[in-house]
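So the structure is just underneath, and the comments pick up after that.
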Amino acid sequence: MKIGPLNIPIKEDFSIKSLLNFEKTPANMLIAVLTLSFLAMFVVGIATYLIHGHHAYNVTREHPWGLLIAVYIFFVVSSTGFCIVGSLGDVFGFKDYMMISKRAIFGSIVTILAGFAVIAFEIGHPVTMLIYNVLSPGLTSAIWWMGTLYGVYLTFMIIEFYFLLNNDMKKAKIFGLSGLLVGLAAHSNLGSVFGFLNARPISNGVFYPTYFILTAFITGIFLSFIVMGFRYKLDFNAQTKKMLEGLAKIQGLLISILIFFVTWKMLTDIYGGMPNRAEVAEHIFHSWTFWAEVILAMAIPLVVILTTMGKKPVLMFWVSLSGMVGVFFMRYNLVHDTQLKPLQMLKTTEYQLAPEWIHYFPSTTEMFISLGGLGLCIAMYYVGTKVFNLDEEHH
Amino acid sequence: MARYGMALDYKSCINCKACEVACKEENGILMGADKHRIWVGNGEIEGQYPLLDITSNAFYPSQCQHCDEAPCEEVCPTHATYYTEDGIVRVDPEKCILCSYCMNACPYDARYVDDRTVTVDKCTFCADTRLARGETTTACQNTCPTKVRIFGDLDDPNSEISEVLRTREHFSLKANLGTKPKLFYLT
Ligand code: SF4
Ligand code: SF4
Ligand code: SF4
Chain A
3 MKIGPLNIPI
13 KEDFSIKSLL
23 NFEKTPANML
33 IAVLTLSFLA
43 MFVVGIATYL
53 IHGHHAYNVT
63 REHPWGLLIA
73 VYIFFVVSST
83 GFCIVGSLGD
93 VFGFKDYMMI
103 SKRAIFGSIV
113 TILAGFAVIA
123 FEIGHPVTML
133 IYNVLSPGLT
143 SAIWWMGTLY
153 GVYLTFMIIE
163 FYFLLNNDMK
173 KAKIFGLSGL
183 LVGLAAHSNL
193 GSVFGFLNAR
203 PISNGVFYPT
213 YFILTAFITG
223 IFLSFIVMGF
233 RYKLDFNAQT
243 KKMLEGLAKI
253 QGLLISILIF
263 FVTWKMLTDI
273 YGGMPNRAEV
283 AEHIFHSWTF
293 WAEVILAMAI
303 PLVVILTTMG
313 KKPVLMFWVS
323 LSGMVGVFFM
333 RYNLVHDTQL
343 KPLQMLKTTE
353 YQLAPEWIHY
363 FPSTTEMFIS
373 LGGLGLCIAM
383 YYVGTKVFNL
393 DEEHH
Chain B
660 MARYGMALDY
670 KSCINCKACE
680 VACKEENGIL
690 MGADKHRIWV
700 GNGEIEGQYP
710 LLDITSNAFY
720 PSQCQHCDEA
730 PCEEVCPTHA
740 TYYTEDGIVR
750 VDPEKCILCS
760 YCMNACPYDA
770 RYVDDRTVTV
780 DKCTFCADTR
790 LARGETTTAC
800 QNTCPTKVRI
810 FGDLDDPNSE
820 ISEVLRTREH
830 FSLKANLGTK
840 PKLFYLT
């Protein structure tokens with residue numbers, strides 16, 4: 003270990019050259035090429051956005067929130083998830099999970115940064131936001147609370163990571179706990195961005211604020227399998243296996259609770275018969291994206307966990323990858339489904355039919371920026387593994 | 660201070676859309692079907708010929724309701740959306756960050772993005788144009804051939820709108836949401 007600027011311990015062998023130094027296996031090369039192309043797409047996407055503004059997106063008056071909002075949520079949910087998993091060891095003192103704390107907290111930092119990078123190109127005036135968030139805060143706005151709390155959360159996560167690197171467990175714990183609490187508050191506020199909408203009965207209510215915390219934990223565990231899989235090249239040692247088995251079992255419980263939640267949401271929505279909610283829920287039930295979410299993020303992982311009792315970490319790695327695709331659909335559905343039902347049900351222009359459902363499909367620019375966010379996330383994480391020692395240190 | 664509202668004798672509406680044109684002209688609204696502060700909702704005729712239900716084919720002229728409990732104001736993170744002293748709900752383009760939260764929160768689809776300022780815009784009761792010049796009518800009201808709209812001060816018991824709301828039955832759109840609209844539909 004050598005000591006970098008600001009007393010930050012960095013890896014002995016870190017140099018610009020060591021960044022390019024990775025095992026040239028076909029899988030690694032593929033990931034490298036994909037990451038670089040995602041980053042290139044990010045640049046192209048941003049350039050298109052800067053020239054055409056929101057016209058480069060397929061968002062409309064009736065569907066003002068598009069893919070980028072969903073991807074932002076995807077990243078910040080990932081961040082909160084990483085933070086929860088990271089806290090198991092270093093805040094709550096579960097010894098088995100200590101080994102992933104530093105990696106998870108670092109993961110929570112890169113994912114939220116990727117989220118911020120994406121949302122910066124969805125919010126029309128991000129600089130104005132920074133100014134007027136402070137000068138004239140809208141305290142009744144869930145977006146204000148969400149944004150502000152996430153800012154504080156990121157600060158705490160960075161400080162916690164700093165103390166983890168320095169092995170100052172006591173201070174890491176203090177900032178870890180504060181970060182976790184602020185993160186959970188921020189995250190449930192993100193759910194309430196939807197929960198407060200009384201114009202949208204399908205989203206209105208307590209469901210999303212609580213569901214967001216549950217799905218964050220689930221996402222965090224999927225991501226833990228993925229980062230640990232890469233760390234050990236799918237060849238886990240006994241200690242890691244034990245930890246992953248524990249995580250898989252927790253995951254089994256969480257997914258069961260999630261299925262219970264989602265089933266009852268669907269049942270009460272559809273059979274509750276409330277106008278503007280029942281028919282929307284039925285429409286969602288018949289959409290393939292809903293089933294993508296159910297199969298990839300709930301059914302497959304649960305079946306695998308129950309049949310293997312969580313003892314097959316390699317299989318869980320693959321399941322977690324597909325689980326994250328399911329989580330993506332979860333976020334996309336949440337944003338799209340909220341806006342499915344037109345607020346104006348009468349026809350307002352001649353020679354057209356009255357609107358029935360609002361249609362939306364992301365534009366190429368939106369997809370480029372979203373994939374760019376993913377590229378950014380992978381790249382930042384990769385650099386982190388080269389610069390910092392993300393493994394647990396033994397004394 | 661006044662508390663502005665508008666009553667609509669909507670059954671007189673003939674769907675000529677003169678109000679849509681007048682609003683664009685007076686307030687310099689950009690062209691394009693999506694860029695509108697005001698619209699006429701059009702019920703489809705129901706039933707099989709010859710038993711057509713002509714009452715289903717009613718016209719519902721509408722615009723921002725200037726809600727007393729406006730969801731758009733509540734959700735705005737920077738107070739870009741605010742109430743004026745006259746009870747008008749307005750957007751300050753200086754402060755609007757175009758998060759589009761208000762567009763999602765407004766139950767009436769009354770908001771759109773103005774491409775010039777790249778911020779959200781909506782009906783202002785002509786506050787920057789006609790009211791600023793000291794006139795007492797709005798453009799949509801003034802142009803209407805069947806005189807659907809009555810605009811005025813709800814706090815002044817002698818105003819025409821107060822008089823008409825006292826003497827005629829009326830309803831508000833989506834009143835169940837508790838937004839307390841200041842657009843009143845006369846029956
Ligand atoms: S109608 Fe919509 S835009 Fe107008 S005040 Fe009410 S919520 Fe706001
Ligand atoms: S788009 Fe503008 S006016 Fe609407 S909520 Fe956001 S900041 Fe406020
Ligand atoms: S009151 Fe003025 S701004 Fe509002 S719809 Fe009528 S003409 Fe347009």
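Quick note, the sequences are listed as chains A and B, same order. If you use the working numbering, the first sequence corresponds to residues 3 to 397, in order. If you use the working numbering, the second sequence corresponds to residues 660 to 846, in order. Here a beta-carbon is modelled for each residue, glycine too, at the ideal position from N, C-alpha and C.
Residues bridged to N674(B) (per DSSP): Partner residues in a beta bridge of N674(B), as assigned by DSSP, do not exist.
Contact set between E733(B) and chain A, taken where Cβ atoms lie within less than 9 Å: Those within 9 Å of E733(B) in chain A are G140, T142, S143 and F198.
Other residues of its chain near I12(A): CB distance less than 7 Å, five sequence neighbours each side excluded: The residues are K4, G6, V389 and F390.
Cβ-Cβ distance between A666(B) and F784(B) below 8 Å: Going by C-beta atoms, A666(B) is not nearer than 8 Å to F784(B).
Collapsed DSSP secondary structure at N763(B) in the structure displayed: Helix at N763(B).
Exposure of F76(A), with buried meaning 16 or more beta-carbon neighbours within 10 Å: Burial state of F76(A) is buried, judged by a 10 Å Cβ sphere holding 16 or more other Cβ atoms.
Integer Cβ distance of V87(A) from S226(A), believed to fall under 8 Å: Going by Cβ atoms, the distance from V87(A) to S226(A) rounds to 5 Å, so yes, they are a contact pair.
For I102(A) and V112(A), the rounded distance between their alpha carbons: Rounded to the nearest angstrom, the two C-alpha atoms are 15 Å apart.
Distance CB(C726(B))-CB(Y760(B)) smaller than 8 Å: Cβ atoms of C726(B) and Y760(B): not closer than 8 Å.
Anticipated Cβ contact below 8 Å, R770(B) with M762(B), distance rounded: With a Cβ gap of about 5 Å, R770(B) and M762(B) count as contacting.
Any non-hydrogen atom of ligand 1 closer than 7 Å to P816(B) Cβ: In this structure, the C-beta of P816(B) stays at least 7 Å away from each heavy atom of ligand 1.
N- and C-terminal bounds of the beta strand (DSSP E) containing Q722(B): F718 to Q722 is the span of the beta strand (DSSP E), which, as asked, contains Q722(B).
Proximal residues of chain A, C-beta to C-beta of C765(B) below 7 Å: Those are A201, listed as they occur along chain A.
Members of the region 685 to 702 of chain B near chain A, C-beta cut-off 9 Å: Only those residues of the region 685 to 702 of chain B whose C-beta falls short of 9 Å from the nearest C-beta of chain A are listed: A692, D693, K694, H695, W698, V699, G700, N701 and G702.
Closest by C-alpha distance to L345(A), when choosing among L757(B), S671(B) and L836(B): Minimum Cα distance to L345(A) is reached at L836(B).
Which residues DSSP lists as bridging H829(B), in chain order: Per DSSP, the beta bridge partners of H829(B) are L845(B).
Cβ-based neighbour list, I145(A), same chain, cut-off 7 Å, excluding 5 preceding and 5 following: Answer for I145(A): V195, listed in chain order.
Any heavy atom of ligand 1 within less than 6 Å of residue CB: hits in chain order: Sorted by position in the chain, C723(B), Q724(B), H725(B), C726(B), A729(B), P730(B), C731(B), V748(B), C765(B), Y767(B), A769(B), R770(B), K781(B) and T838(B) make up the residues whose C-beta lies under 6 Å from a heavy atom of ligand 1.
Any chain A beta carbon closer than 8 Å to D768(B): Chain A, which has a Cβ nearer than 8 Å to the Cβ of D768(B), makes this yes.
Cβ-based contacts, 8 Å cut-off: residues of the region 145 to 165 of chain A near chain B: Flagged, chain order: I145, W146 and G149.
Where F319(A) falls, given that 16 or more other Cβ within 10 Å makes a residue buried: Buried.
is_contact[Y51(A), chain B] using C-beta, thresh 8 Å: Chain B contact via Cβ: absent.
L256(A) to F262(A) span [Cα, whole Å]: Using only the alpha carbons, I get a separation of about 10 Å.
Nearest-angstrom beta carbon gap, T796(B) and V750(B) [assumed within contact, 8 Å]: By a beta-carbon distance limit of 8 Å, V750(B) does not contact T796(B). Their separation comes to about 22 Å.
Of the residues K19(A), A201(A) and I272(A), the one placed nearest A834(B), counting alpha carbons only: For A834(B), the closest C-alpha among the options K19(A), A201(A) and I272(A) is that of A201(A).
Whether E395(A) touches N169(A) by CB criterion (8 Å): Against a cut-off of 8 Å, the Cβ pair of N169(A) and E395(A) comes out as a contact.
Residues that T778(B) bridges to, as DSSP identifies them: According to DSSP, T778(B) bridges with D773(B).
When T150(A), L192(A), K314(A) and G328(A) are compared against I239(A), the one with the closest alpha-carbon: Note that residue 239(A) is Asn in the sequence shown here, rather than Ile. Here the closest residue by C-alpha is K314(A).
With 16 other Cβ atoms within 10 Å as the buried cut-off, status of G117(A): When all chains shown are included, G117(A) counts as buried.
Neighbourhood of D787(B) by C-beta distance below 8 Å, restricted to the same chain and skipping five residues each side: If we look at D787(B) and ignore the five residues flanking it on each side, its Cβ neighbours are N686.
CB contact below 8 Å: Y134(A) versus chain B: Against chain B, the CB of Y134(A) has a partner CB under 8 Å away; the residue lies at that interface.
Of the listed residues L710(B), D773(B) and I673(B), nearest to H57(A) (C-alpha basis): Out of L710(B), D773(B) and I673(B), D773(B) has the C-alpha closest to the C-alpha of H57(A).
Where S671(B) meets chain A, residues with beta-carbon distance less than 8 Å: Those do not exist, as S671(B) stays about 17 Å from chain A at its closest Cβ, beyond 8 Å.
E705(B) - partner residues in DSSP beta bridges: E705(B) pairs with D712(B).
Candidates L90(A), L378(A), V264(A) and V61(A), of which the one nearest I223(A) by Cα: Nearest to I223(A) by alpha-carbon distance, out of L90(A), L378(A), V264(A) and V61(A), is L90(A).
Separation of D768(B) from Q800(B), as counted between CA atoms: Q800(B) and D768(B) have their alpha carbons spaced roughly 20 Å apart.
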